[in-house]
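These notes are about the structure you will find just below.
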Amino acid sequence: AQTVTQSQPEMSVQEAETVTLSCTYDTSENNYYLFWYKQPPSRQMILVIRQEAYKQQNATENRFSVNFQKAAKSFSLKISDSQLGDTAMYFCALMDSNYQLIWGAGTKLIIKP
Amino acid sequence: NAGVTQTPKFQVLKTGQSMTLQCAQDMNHEYMSWYRQDPGMGLRLIHYSVGAGITDQGEVPNGYNVSRSTTEDFPLRLLSAAPSQTSVYFCASSYSNRNEKLFFGSGTQLSVL
């Protein structure tokens, strides 16, 4: 069975600091996609970043970047220069060959002023 | 752009009652899905549809029905509500079933007493 594990239930950092959220996964497939979604207090999920497993280059989106370690099955999210608006739940998700998403339990990130 | 619209935002039901959660999207997306979100757990897929007239079961379909008579609408029916169905429900859509980017509604918080 495919699984996604987020080992940090909650994290907090000061504004402007850099924070890294961890995600590990388990799959027997070779081609797959990985995602990070953000859920702010408004509840609406927003895609932050995606990574295709066959691409070795780590994806980046402005202040957000990933560290994708395929052999270790690790997919961490780094947020640079964190802002108050980054306060949210962050979910890691794996898309399998049936195009269904397997979700982690989430990490609550609090950015302190 | 309305995106994905879910109604109602909040609902309280008594055990045994039935209701329909509404979901509509105006992006001409073929793929639509329903998830439930419970504390400490990732999103779990209830039902999904890859186009009008086509639906299929996800991970946790029991107690729920869906239909897809139009591209725009994908209602979720609770047949006989149970306390175990207390949860936050999300509708999501994407251009195709490849889930490369899901667009989410703002959720429905349902309590079953």
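Chains as they are written, first to last, in my numbering: chain R, 1 to 113; chain C, 114 to 226.
By construction, the Cβ of each residue, glycine as well, lies at the ideal position given by its N, Cα and C atoms.
Quick one: Cα of T133(C) to Cα of Y37(R), how far? Along the second sequence, one-based indexing puts residue 133(C) at 20. Along the first sequence, one-based indexing puts residue 37(R) at 37. Between the C-alpha atoms of T133(C) and Y37(R) there is a straight-line separation of about 27 Å.
Segments of 3+ residues assigned as beta strand (DSSP E) that fall wholly inside the stretch 21-76 of chain R: 24-26, 33-39, 46-52 and 64-69
Host beta strand (DSSP E) of F187(C) (start-end): Position 74 of the second sequence holds residue 187(C). F187(C) -> no beta strand (DSSP E), and no H or E assigned at all.
Roughly how many angstroms lie between the CA atoms of V201(C) and R149(C), to the nearest whole one? For the purposes of this step, residue 201(C) is taken as residue 88 along the second sequence, with counting starting at 1. For the purposes of this step, residue 149(C) is taken as residue 36 along the second sequence, with counting starting at 1. If you take the alpha carbons of V201(C) and R149(C), they lie about 6 Å apart.
If the criterion is Cβ atoms closer than 8 Å, does the pair Q108(R) and P9(R) meet it? Along the first sequence, read from residue 1 onward, the residue named residue 108(R) stands at position 108. Along the first sequence, read from residue 1 onward, the residue named residue 9(R) stands at position 9. The sequence as given places Lys at residue 108(R); Gln does not occur at that position. Yes, the Cβ-Cβ distance between K108(R) and P9(R) is below 8 Å.
Quick check: what's the CA-CA separation for Q138(C) versus S74(R)? Locating residue 138(C) in the second sequence gives position 25, where the first residue counts as 1. Locating residue 74(R) in the first sequence gives position 74, where the first residue counts as 1. Distance between the alpha carbons of Q138(C) and S74(R) is about 34 Å.
Under the three-state DSSP convention, the category S224(C) falls into: Within the second sequence, numbered from 1, the residue matching residue 224(C) stands at position 111. S224(C) falls in the strand class under three-state DSSP.
Who are the near neighbours of P121(C) in its chain, counting only those whose CB is closer than 7 Å to its CB and skipping five residues on each side? For the purposes of this step, residue 121(C) is taken as residue 8 along the second sequence, with counting starting at 1. T221.
Return the chain-ordered list of same chain residues with a C-beta closer than 7 Å to the C-beta of S12(R), the five sequence neighbours on each side being excluded. The residue labelled residue 12(R) in the question sits at position 12 within the first sequence. I110 and K112.
For S162(C), report the span of its beta strand (DSSP E) as first-last. Working through the second sequence from its first residue, we reach residue 162(C) at position 49. First-last of the beta strand (DSSP E) with S162(C): R157 to G164.
Hey, would you say T184(C) sits closer than 8 Å to A205(C), going by beta carbons? Taking the first residue of the second sequence as 1, we reach residue 184(C) at position 71. Taking the first residue of the second sequence as 1, we reach residue 205(C) at position 92. Contact check for T184(C) against A205(C) fails: the beta carbons are separated by 8 Å or more.
Tell me the DSSP secondary structure of D81(R) in three-state form. Here the question's residue 81(R) lines up with position 81 in the first sequence. Three-state result, D81(R): coil.
Reduced DSSP category for S146(C) - H, G, I as helix; E, B as strand; rest coil: One-based indexing of the second sequence puts residue 146(C) at position 33. Three-state DSSP puts S146(C) in a strand.
Provide the residue(s) that pair with S200(C) in DSSP beta bridges, ordered along the chain. Translated into positions along the second sequence, residue 200(C) becomes position 87. Looking at the DSSP assignment, S200(C) forms a beta bridge with L223(C).
Give the residues of chain C in contact with F91(R), contact being defined as C-beta atoms less than 8 Å apart. Translated into the one-based positions of the first sequence, residue 91(R) becomes position 91. In chain order, G155 and L156 make up the part of chain C whose C-beta sits under 8 Å from the C-beta of F91(R).
Please determine, among A93(R), A1(R), D86(R) and Q51(R), the residue with the shortest C-alpha to C-alpha distance to R63(R). Translated into the one-based positions of the first sequence, residue 63(R) becomes position 63. It is D86(R).
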